[in-house]
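Residue numbers (this note's numbering), protein chains in the order written: chain A, 83 to 319; chain B, 83 to 319.
Just so it is clear, CB atoms sit at the ideal spot from N, CA and C, and this is done for glycine as well.
Structure, as structure tokens:
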DNA sequence: CGTATGATGTGAACTATGTTTACTAATACA
DNA sequence: TGTATTAGTAAACATAGTTCACATCATACG
């Protein structure tokens, strides 16, 4: 792990390039990542960038992985800072943070969950990494939900306990595959919450929600609270 | 409305250009619309396209408006073909169609709800048109929901009837502004359903859902049925 | 019927882009 | 100090959107 001076400088420049790319995406959109523009911004010529990233695709891959990890970190952090003995508050905190991060880092969120960038092609190894990072983002929510159910702070209605076989079986398979120690009900509820939150966030980012509901923060918080109620939260707000 | 032969040919070519553009997007992604490639595909040179669209942006605008209208038509059609006296089935049909259209027309759906295309800039007039088309898409769902509530096929739980002021007021404002004849509860429930369905669809299109739940069609249908239950449907499936 | 007009198309040119190649300048290490 | 590696450049190639000057040809009019 000992880095030579050269390696340190190299890494610094790699970060500088990513920062310039992010700045550019923020201004012009995720798809507008231009090597030549990045080079101009940091006072180099375009071919020099190839000393740091073997192609535009590799640079974009680095940005995507960074974004995934930052989101996962943010959600884990929200989980850690919520009251440890209160899984319901943990669930809320993580759900709220999902949107907060998306709004505060629109570009990175679009990089993860938006349209693919034109001409960008992901290698299978990278897909595996992003899938892992994606799963890591929602581990806190899964854990909090499972705990809430075990503590009977959430008593899910029968619909979510006795799931029909065609829904139940794939969930079971997935749980076994990853060796999770959770019930299919937990898994189903998390997917429900994820889908709901994700949809509201996407609509907000595309500008479809704000003109309709005014303050989206308020609506989102209300929806999160209501989601817990729908899940069978036994604690009134 | 009488068209000369020339105008007819002109319109035909405009359609041919759009078709080529759609074919290209389907193959290479929404952002990869290339005038030169379109020209090649239909046996012309790129500058010739400027006789039909004054720029790449204007072509993309045409594609976006087409997509919006096609989605609205599809949802209205689903509404019309559901049993007229059964608003619950109408609601289901429209929600199911929303996903079905998105999956069958991924590219057009991304054009509407995905990342903006790089360097594409929308004029305010176009934004107004798309907002209108977007509203038109969800009119059937709004109407069916309002009817279901009036017929007491849906009796929404208290949470959705007595909405907190900070949620209620923006909804009321919006309803007045468009002169809709619906209750804020209807509006809230539609936003809830829209957000939920939209999120699941986006996750599916990005490939995040299928590996987790296997058959997404089954999960989505299950979620739609459960949404009606959450809204307070008095009819058991 | 012949002619002028306007629509339709082409090819060259301009500014961008990502990428490769050949070359130079600087740095680190023996 | 000498040498191998690294960091950077300039030139070149193919791609893109767009503009311009020009040719062609069907239509409309005198």
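Beta bridge counterpart(s) of residue i as assigned by DSSP
| i | result |
| --- | --- |
| residue 136 of chain A | According to DSSP, residue 136 of chain A bridges with nothing at all. |
| residue 257 of chain A | Answer is none; residue 257 of chain A lacks a bridge partner. |
| residue 216 of chain B | Answer is none; residue 216 of chain B lacks a bridge partner. |
| residue 315 of chain B | B/236 |
Beta-carbon spacing of residue i, residue j below 8 Å
| i | j | result |
| --- | --- | --- |
| residue 222 of chain B | residue 141 of chain B | no |
| residue 216 of chain B | residue 290 of chain A | yes |
| residue 285 of chain B | residue 227 of chain B | no |
| residue 288 of chain A | residue 132 of chain B | no |
| residue 308 of chain B | residue 241 of chain A | yes |
| residue 152 of chain A | residue 101 of chain A | no |
| residue 99 of chain B | residue 303 of chain B | no |
| residue 320 of chain B | residue 199 of chain B | Shown here, chain B extends from 83 to 319; a query on residue 320 of chain B therefore has no answer. |
| residue 147 of chain A | residue 103 of chain A | no |
| residue 296 of chain B | residue 252 of chain A | yes |
| residue 118 of chain A | residue 128 of chain A | yes |
| residue 192 of chain B | residue 197 of chain A | yes |
| residue 90 of chain B | residue 134 of chain B | no |
Residue i versus residue j - alpha carbon distance
| i | j | result |
| --- | --- | --- |
| residue 83 of chain A | residue 214 of chain A | No answer about residue 83 of chain A holds up, because its pLDDT of 47 lies below 50 and its placement is not dependable. |
| residue 205 of chain B | residue 136 of chain B | 14 Å |
| residue 281 of chain B | residue 278 of chain A | 6 Å |
| residue 262 of chain A | residue 93 of chain B | 58 Å |
| residue 237 of chain A | residue 316 of chain A | 7 Å |
| residue 239 of chain B | residue 276 of chain B | 19 Å |
| residue 248 of chain A | residue 88 of chain B | 57 Å |
| residue 245 of chain B | residue 218 of chain A | 35 Å |
| residue 185 of chain A | residue 171 of chain A | 21 Å |
| residue 180 of chain A | residue 234 of chain A | 25 Å |
| residue 212 of chain A | residue 183 of chain B | 28 Å |
| residue 301 of chain A | residue 174 of chain B | 24 Å |
| residue 264 of chain B | residue 169 of chain B | 15 Å |
| residue 283 of chain A | residue 311 of chain A | 20 Å |
| residue 269 of chain A | residue 207 of chain A | 26 Å |
| residue 115 of chain A | residue 167 of chain A | 44 Å |
| residue 150 of chain B | residue 160 of chain A | 38 Å |
| residue 110 of chain B | residue 154 of chain B | 25 Å |
| residue 274 of chain B | residue 306 of chain B | 11 Å |
| residue 260 of chain A | residue 254 of chain A | 10 Å |
| residue 122 of chain A | residue 107 of chain A | 15 Å |
Short CB-CB distance (under 8 Å) between residue i and chain B
| i | result |
| --- | --- |
| residue 198 of chain A | yes |
| residue 161 of chain A | no |
| residue 227 of chain A | no |
| residue 114 of chain A | yes |
| residue 134 of chain A | no |
| residue 180 of chain A | no |
| residue 187 of chain A | no |
| residue 290 of chain A | yes |
| residue 314 of chain A | no |
| residue 90 of chain A | no |
| residue 83 of chain A | Any reading at residue 83 of chain A must be qualified, since the residue scores a pLDDT of 47, below 50, and its modelled position is unreliable; no value is offered. |
| residue 221 of chain A | no |
| residue 148 of chain A | no |
| residue 264 of chain A | no |
| residue 94 of chain A | no |
| residue 201 of chain A | yes |
CB contact check: residue i to chain A, cutoff 8 Å
| i | result |
| --- | --- |
| residue 306 of chain B | no |
| residue 256 of chain B | yes |
| residue 152 of chain B | no |
| residue 252 of chain B | yes |
| residue 284 of chain B | yes |
| residue 261 of chain B | no |
| residue 280 of chain B | yes |
| residue 277 of chain B | yes |
| residue 120 of chain B | no |
| residue 317 of chain B | no |
| residue 295 of chain B | yes |
| residue 205 of chain B | no |
| residue 143 of chain B | no |
Opening and closing residue of the alpha helix (DSSP H) in which residue i lies
| i | result |
| --- | --- |
| residue 113 of chain B | Here residue 113 of chain B belongs to no alpha helix (DSSP H), and DSSP marks it neither H nor E. |
| residue 292 of chain A | 292-295 |
| residue 85 of chain B | Run containing residue 85 of chain B: none; DSSP gives neither H nor E here. |
| residue 171 of chain B | 169-186 |
| residue 130 of chain A | 128-131 |
| residue 273 of chain A | 266-287 |
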